[in-house]
Amino acid sequence: MLTGRFPQLRLRRLRKNENIRRMVRETVLTVDDFIYPIFVVEGENKKEEIPSMPGQFRYSIDRLPEIGELVLKAGIPAVILFGIPEHKDELGSDSYSEEGIIQRAVRKLKKECPELYVITDVCFCEYTSHGHCGYLACSGEVCDVDNDKTLELLKKQVISHAEAGADMVAPSGMMDGMIKAIREALDSAGFSDIPIMSYAAKYASAYYGPFRDAAESTPAFGDRRTYQMDPANFNEALREVALDIQEGADIVMVKPALAYMDVIRAVKETFKYPTAAYNVSGEYSMVKAAAMKGWIDERRVVLETLTSMKRAGADLILTYHALDVAEWLKES
Ligand SMILES: [Zn+2]
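Following our numbering, the numbering of the sequence shown begins with 879 at its first residue and continues without gaps.
Take a look at the structure:
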């Protein structure tokens, strides 16, 4: 690969000033790369800051257009919605109700901000009384999510999202056969044009802490290690992604991002599929906390981190920093 040697070859020549650095820059972050996550709550006229995620809010449905407009004005193409219902039950029935929080939120946003691309997170943890990502089956004291029964409920959920007007669905529950079930459900209900962004390699991560605070989705008991992946595993991530692609995923996601750059890289190189990375709540909150203490330069750290995710192979980044970064990119 090297065609010369020092002292004729000097790599610093191409770093001499900002013009030449711009000319040879390999990775450029743009607003087109971003998907902005939004939390939706019941009630009226609500915009509540999430304590562990400074700068992020939960919006009631009537105030969603306000944030939708901001996202559009920033040039960010898409949002992903997370619903926090008032009513939770064993089955998470609000998640597939026509009058569920997400279904109403989607209808509101698509009506008031029609140019906005609206993605829905598809799962049960925010909707179930036990906080797990599906149908819970117990034998004696031992409970676990029943994979195949959950698939049946997932089908109902995606169809209700599609009927409400969602542009894309993003299943995050890590059930086996999830993408196949959802693709078939969408197709048979006449929604064959709705793409699926699969949370294909989703790890059982401690980085989700602030999100669970935001979405009130902490499991009432146990953890999610029987369905989310072991952080120690790499090869398994490739198998998960391969299966999801085979089953019909249009975009594959790695979550979290920062501690899994090797996985993002390998997924992109192996499959050449549109690849998304979720810059999760814990990654966001760490930066925010350190910046608030004056320990780091928030802007530089965020830009460096998101650029690195893109360099690793992410085509899309789900990030709470999206609105700030859009502003910064405009300024520079
Ligand atoms: Zn879940």
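C-beta atoms are modelled at their ideal positions from N, C-alpha and C, and glycine is treated no differently.
What residue range is occupied by the uninterrupted beta strand (DSSP E) comprising residue i?
{"i": "Ser1076", "result": "Met1075 to Lys1080"}
{"i": "Asp1140", "result": "Counting along the chain, Asp1140 falls outside any beta strand (DSSP E), though it belongs to the alpha helix (DSSP H) covering Met1139 to Phe1149."}
{"i": "Asp1026", "result": "No beta strand (DSSP E) holds Asp1026; the alpha helix (DSSP H) holding it covers Asn1025 to Ala1042."}
{"i": "Met1131", "result": "Ile1129 to Lys1133"}
{"i": "Ile962", "result": "Ala956 to Ile962"}
{"i": "Leu1196", "result": "Leu1194 to Thr1197"}
{"i": "Met1046", "result": "Met1046 to Pro1049"}
{"i": "Ala1154", "result": "Thr1153 to Asn1157"}
Who pairs with residue i in a beta bridge, going by DSSP?
{"i": "Tyr937", "result": "Val918 and Lys925"}
{"i": "Leu1207", "result": "Note: Leu1207 sits in no beta bridge, so no partner."}
{"i": "Phe1237", "result": "Residue 1237 is absent from the structure shown; the chain starts at 879 and stops at 1210."}
{"i": "Met1107", "result": "Tyr1081"}
{"i": "Phe912", "result": "Ile1195"}
{"i": "Asp967", "result": "Thr1006"}
Give the range of the alpha helix (DSSP H) segment to which residue i is assigned.
{"i": "Ile1057", "result": "Met1056 to Ser1066"}
{"i": "Tyr974", "result": "Tyr974 -> no alpha helix (DSSP H), and no H or E assigned at all."}
{"i": "Ile1174", "result": "First-last for Ile1174: undefined, no H or E at that position."}
{"i": "Ile898", "result": "Glu896 to Val902"}
{"i": "Leu1121", "result": "Asn1113 to Glu1125"}
{"i": "Phe1089", "result": "Gly1087 to Ala1093"}
{"i": "Val949", "result": "Leu942 to Lys951"}
Does any heavy atom of ligand 2 sit closer than 7 Å to the C-beta of residue i?
{"i": "Ser1050", "result": "In the structure shown, ligand 2 is absent; the only ligands present are ligand 1."}
Nearest to residue i by CA position, among the options, is which residue?
{"i": "Arg1177", "options": "Ala1084, Gly1191, Pro1152 and Val1203", "result": "Val1203"}
{"i": "Glu990", "options": "Asp999, Leu950, His1008 and Gly970", "result": "Leu950"}
{"i": "Arg1103", "options": "Tyr1013, Lys1080 and Leu887", "result": "Lys1080"}
{"i": "Ile1074", "options": "Gly1087, Ile1060, Ser1083 and Tyr1086", "result": "Ile1060"}
{"i": "Glu964", "options": "Ile980, Ile958 and Val957", "result": "Ile980"}
{"i": "Tyr1212", "options": "Thr1148, Glu1004 and Met1139", "result": "With the chain covering 879 to 1210 only, the question about residue 1212 has no answer from this structure."}
{"i": "Asp1071", "options": "Arg1090, Lys988 and Ala1044", "result": "Ala1044"}
{"i": "Leu1184", "options": "Trp1206, Lys1171, Ala1168 and Trp1173", "result": "Trp1206"}
{"i": "Val1055", "options": "Lys1171, Arg941, Ala1093 and Ser1076", "result": "First, the amino acid is wrong: residue 1055 is Gly here, not Val. Nearest option by C-alpha distance: Ser1076."}
{"i": "Glu1209", "options": "Ala952, Asp1175 and Gly882", "result": "Ala952"}
{"i": "Lys1166", "options": "Leu1032, Tyr1198, Gly1191 and Val902", "result": "Tyr1198"}
{"i": "Met1131", "options": "Asn895, Arg893 and Ile913", "result": "Ile913"}
{"i": "Ala902", "options": "Val909, Thr908, Asp911 and Arg890", "result": "It is Val, not Ala, that sits at residue 902 in the sequence shown. That would be Arg890, whose Cα lies nearest to the Cα of Val902."}
{"i": "Leu1064", "options": "Val1047, Met1053, Gly1051 and Cys1011", "result": "Val1047"}
{"i": "Pro1152", "options": "Leu959, Glu904, Arg900 and Asp1193", "result": "Asp1193"}
{"i": "Arg941", "options": "Met1053, Asn895 and Val918", "result": "Val918"}
{"i": "Ala1042", "options": "Pro992, Lys1188, Lys1171 and Glu1094", "result": "Pro992"}
{"i": "Ser1163", "options": "Ser938, Gly1087 and Glu1019", "result": "Gly1087"}
{"i": "Cys1001", "options": "Pro1109, His1039 and Leu1201", "result": "His1039"}
{"i": "Gly1051", "options": "Lys1146, Gly882 and Thr998", "result": "Thr998"}
{"i": "Arg1117", "options": "Asp1091, Ala1098, Ala1144 and Ala1092", "result": "Ala1144"}
{"i": "Ala1110", "options": "Val957, Ala1137 and Lys1188", "result": "Ala1137"}
{"i": "Arg1189", "options": "Ala1168, Ala1154 and Thr1006", "result": "Ala1154"}
{"i": "Glu1161", "options": "His1010, Glu944 and Ser1083", "result": "Ser1083"}
{"i": "Asp910", "options": "Gln886, Thr881, Gly933 and Pro955", "result": "Pro955"}
{"i": "Lys1033", "options": "Ser971, Asn923 and Leu994", "result": "Ser971"}
{"i": "Met1053", "options": "Glu1062, Val1023 and Glu896", "result": "Val1023"}
{"i": "Pro1049", "options": "Thr1148, Lys1133, Gln934 and Ser1186", "result": "Lys1133"}
{"i": "Gly921", "options": "Met931, Leu892 and Ser938", "result": "Ser938"}
{"i": "Ala1135", "options": "Ala1067, Val1180, Glu977 and Glu926", "result": "Val1180"}
{"i": "Asn1025", "options": "Leu1014, Glu926, Met1187 and Met1170", "result": "Leu1014"}
{"i": "Lys986", "options": "Phe1149, Asp1091 and Pro943", "result": "Pro943"}
{"i": "Phe960", "options": "Gly1172, Glu1062 and Gln934", "result": "Gln934"}
{"i": "Asn923", "options": "Glu968, Gly1126 and Arg936", "result": "Arg936"}
{"i": "Tyr1105", "options": "Lys894, Ala1168, Thr1028 and Gly1018", "result": "Thr1028"}
{"i": "Tyr995", "options": "Ala1078, Lys925, Pro932 and Val957", "result": "Val957"}
{"i": "Gln1124", "options": "Leu892, His1010, Ile1057 and Leu948", "result": "Ile1057"}
{"i": "Ile962", "options": "Leu1201, Gly978, Leu1196 and Cys1016", "result": "Gly978"}
{"i": "Asn1113", "options": "Ile1142, Asp1101 and Lys1171", "result": "Ile1142"}
- Query: Counting only runs that start and end within the stretch 996-1023, where is the beta strand (DSSP E) found for 3 or more residues in a row?
  - Reply: 1014-1017 and 1020-1023
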